[in-house]
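Q: Going left to right, the sequence shown walks through residues 1 to 324 as the UniProt record's numbering numbers them.
Beta carbons are placed, not taken as given, at the ideal position from N, Cα and C, and that holds for glycine.
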Amino acid sequence: MYQKRRNNQPKGQVGSLGTRTSQGLQRGFYDSNCPDAEDIVRSTVKKYYNNDATIAPGLLRLHFHDCFVQGCDASVLISGASSERTAPQNFGLRGFEVIDDAKSQLEATCPGVVSCADILALAARDSVDLTGGPSWSVPLGRRDGRISSAADAKALPSPADPVSVQRQKFADQGLSDHDLVTLVGAHTIGQTDCALFRYRLFNFTATGNADPTISPAFLPQLRALCPPNGDPSRRVALDKDSTGTFDASFFKNVRDGNAVLESDQRLWSDDATQGLVQKYAGNVRGLFGLRFAYDFPKAMVSMSSVAVKTGRQGEIRRKCSRVN
């Protein structure tokens, strides 16, 4: 049985960065009123992960997409004709059933206590840990938002964004260039559809040729996976060397011209981001790159604190898919 984190830190866990954050979040927030909250989320994520390991990057992406729109308030989980989850930028989001399952268990154990936003943050952490990456103590106390609009999803980064646009979108959330590069490293366990990068393979910028930044050795592999008239929804790993394992090999791929998404590859050609890509790419040891493993939890804590609602703000939803 999984041992409770408050009594036994898992491998690679970054130590406490303080009891309370400047955003009003707090480690151990549920210790008195729902002490099994983290264990319930963890066991739920693990159950789904054991059945389908690709749910891990799905949950990590779900948390990211939540935080970049309206802040980390679980607004991405709300159902509706024009809610965030219907936006084109949120195409392919998955993991909703995992969050709903964990929420149902928590409502049965300690009703009206644990927010959907906190469940998302915990599920993202557990997804990284289960795939062999580092773990960390998640500051908690988020409350759920009541507004969800597809129009607001324009704040999300796009696979075709140049680095300048990526940097601005992260800066708009109070995140640094360092956070940008580090958080993009989550693609080490990610997948994408052929539809989102095939334009790089055959007629890039209407030249009739491939994107010249793609490695000549990697290009035939991508073309075989995503031929011109192939299935646009075919899934392709974003880290060709260690699919499903959370490590720093993704950055070696970026450095060597083996990134699948244009936005990822551009991190190597920009002076503002190349240096950190090189540091991570040159520090791949053990189960995961030591430098990346140290930086990623800190970047996740920063991202998961973006525009959080605390105290009397928002609400604690009884069901994550609708406001109370």
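Bridge partners of A237, per DSSP?
A: If you number the sequence shown from 1, residue 237 lands on position 237. Bridge partners of A237: Q191.
Q: Can you tell me the Cα-Cα spacing of K298 and I316, whole angstroms?
A: Within the sequence shown, the letter at position 298 stands for residue 298. Within the sequence shown, the letter at position 316 stands for residue 316. Their Cα atoms are separated by approximately 26 Å.
Q: Enumerate, from N- to C-terminal direction, the unbroken beta strand (DSSP E) stretches of 3 or more residues contained entirely within the stretch 192-267.
A: Counting only runs of 3 or more, we get 235-237.
Q: How big is the Cα-Cα spacing for E262 and L106?
A: Reading the sequence shown from its first residue, position 262 is the one you call residue 262. Reading the sequence shown from its first residue, position 106 is the one you call residue 106. Approximately 40 Å between the Cα atoms of the pair.
Q: Measuring only the C-alpha atoms, how far is S121 from V306?
A: Mapped onto the sequence shown, residue 121 falls at position 121. Mapped onto the sequence shown, residue 306 falls at position 306. For clarity, residue 121 is Ala in the given sequence; the question names Ser instead. Roughly 12 Å between the two C-alpha positions.
Q: Given this structure, state the Cα-to-Cα distance separating I189 from V236, to the nearest angstrom.
A: Start at 1 with the first residue of the sequence shown, and residue 189 comes out as number 189. Start at 1 with the first residue of the sequence shown, and residue 236 comes out as number 236. So the alpha carbons of these two residues sit roughly 11 Å apart.
Q: Under the rule that 16 or more other beta-carbon atoms within 10 Å means buried, what is A37, buried or exposed?
A: Working through the sequence shown from its first residue, we reach residue 37 at position 37. Buried, because 16 or more other Cβ atoms sit within 10 Å of the Cβ of A37.
Q: Measure the beta-carbon distance from G185 to F292 and round it to whole angstroms, keeping in mind my assumption that it falls under 8 Å.
A: As a first step, residue 185 is located in the sequence shown; it is residue number 185 there, counting from the start. As a first step, residue 292 is located in the sequence shown; it is residue number 292 there, counting from the start. About 6 Å separates the two Cβ atoms, so the contact holds.
Q: Note down, one range per segment and in chain order, each alpha helix (DSSP H) of at least 4 residues found wholly within the stretch 107-180.
A: Segments of the alpha helix (DSSP H) lying fully in the stretch 107-180: 116-130 and 163-171.
Q: Quick one: what's got a C-beta closer than 6 Å to L60's C-beta in the same chain, skipping five residues either side?
A: Translated into the one-based positions of the sequence shown, residue 60 becomes position 60. Excluding positions up to five away in sequence, the list reads A124, S127 and A186.
Q: Within the same chain, show all residues whose beta-carbon is closer than 7 Å to that of N253, passing over the 5 residues directly before and after it, in chain order.
A: Counting from one through the sequence shown, the residue named residue 253 turns up at place 253. If we look at N253 and ignore the five residues flanking it on each side, its Cβ neighbours are D239, K240, D241 and A259.
Q: What did DSSP end up calling R322 once you bin it into helix, strand or coil?
A: In the sequence shown, residue 322 corresponds to position 322, counting from 1. Reduced to three states, the DSSP call for R322 is strand.
Q: Classify N51: buried if its beta carbon has 16 or more other beta carbons within 10 angstroms, exposed otherwise.
A: Taking the sequence shown and counting its residues from 1, the one referred to as residue 51 is at position 51. So N51 counts as exposed.
Q: Using DSSP with H/G/I as helix, E/B as strand and the rest coil, what is Q89?
A: Here residue 89 refers to the residue found at position 89 when the sequence shown is read from its first residue. DSSP places Q89 in helix when its eight states are reduced to three.
Q: Rounded to whole angstroms, what's the CA-CA distance from T213 to G314? Just pull it up for me.
A: Mapped onto the sequence shown, residue 213 falls at position 213. Mapped onto the sequence shown, residue 314 falls at position 314. Each residue's alpha carbon lies about 45 Å from the other.
Q: Report the rounded CA-to-CA distance for G311 versus F251, giving the unit in angstroms.
A: The residue given as residue 311 occupies position 311 in the sequence shown. The residue given as residue 251 occupies position 251 in the sequence shown. Answer to the nearest angstrom: the Cα atoms are 39 Å apart.
Q: Which residue marks the beginning of the alpha helix (DSSP H) containing E38, and which one marks its end?
A: Position 38 of the sequence shown, counted from the first residue, corresponds to residue 38. Residues A37 to N51.
Q: Label K103 either buried or exposed according to how many other C-beta atoms from any shown protein chain fall within 10 Å of its C-beta, with 16 as the threshold for buried.
A: Stepping through the sequence shown from its first residue, residue 103 is reached at position 103. By the 10 Å Cβ count, K103 comes out buried.
Q: Compare the C-alpha of T86 against each of I99, A151 and A74 and name the closest.
A: Here residue 86 is taken as the residue at index 86 of the sequence shown, counted from 1. Looking at the Cα atoms, A151 is the closest of the given residues.
Q: Count the other C-beta atoms from every protein chain shown that fall within 10 angstroms of the C-beta of Q166, then say buried if there are 16 or more, exposed otherwise.
A: For the purposes of this step, residue 166 is taken as the residue at position 166 of the sequence shown. With 16 or more other Cβ atoms within 10 Å, it is buried.
Q: Please determine, among S135, D211, R198 and G71, the residue with the shortest C-alpha to C-alpha distance to D172.
A: On the sequence shown, residue 172 is found 172 positions in, with the first residue counted as 1. When each option's Cα is compared against that of D172, the closest is G71.
Q: Are the stretch 266-276 and the stretch 143-158 touching, with three or more C-beta to C-beta distances below 8 Å?
A: Result no; under three Cβ-Cβ pairs closer than 8 Å.
Q: For Q23, does the three-state DSSP call read helix, strand or coil?
A: Position 23 of the sequence shown, counted from the first residue, corresponds to residue 23. Here Q23 sits in coil by DSSP.
Q: Hey, is the stretch 27-37 in contact with the stretch 137-148, meaning 3+ C-beta pairs nearer than 8 Å?
A: With a cut-off of 8 Å, the stretch 137-148 and the stretch 27-37 count as touching, because enough Cβ pairs lie within range.
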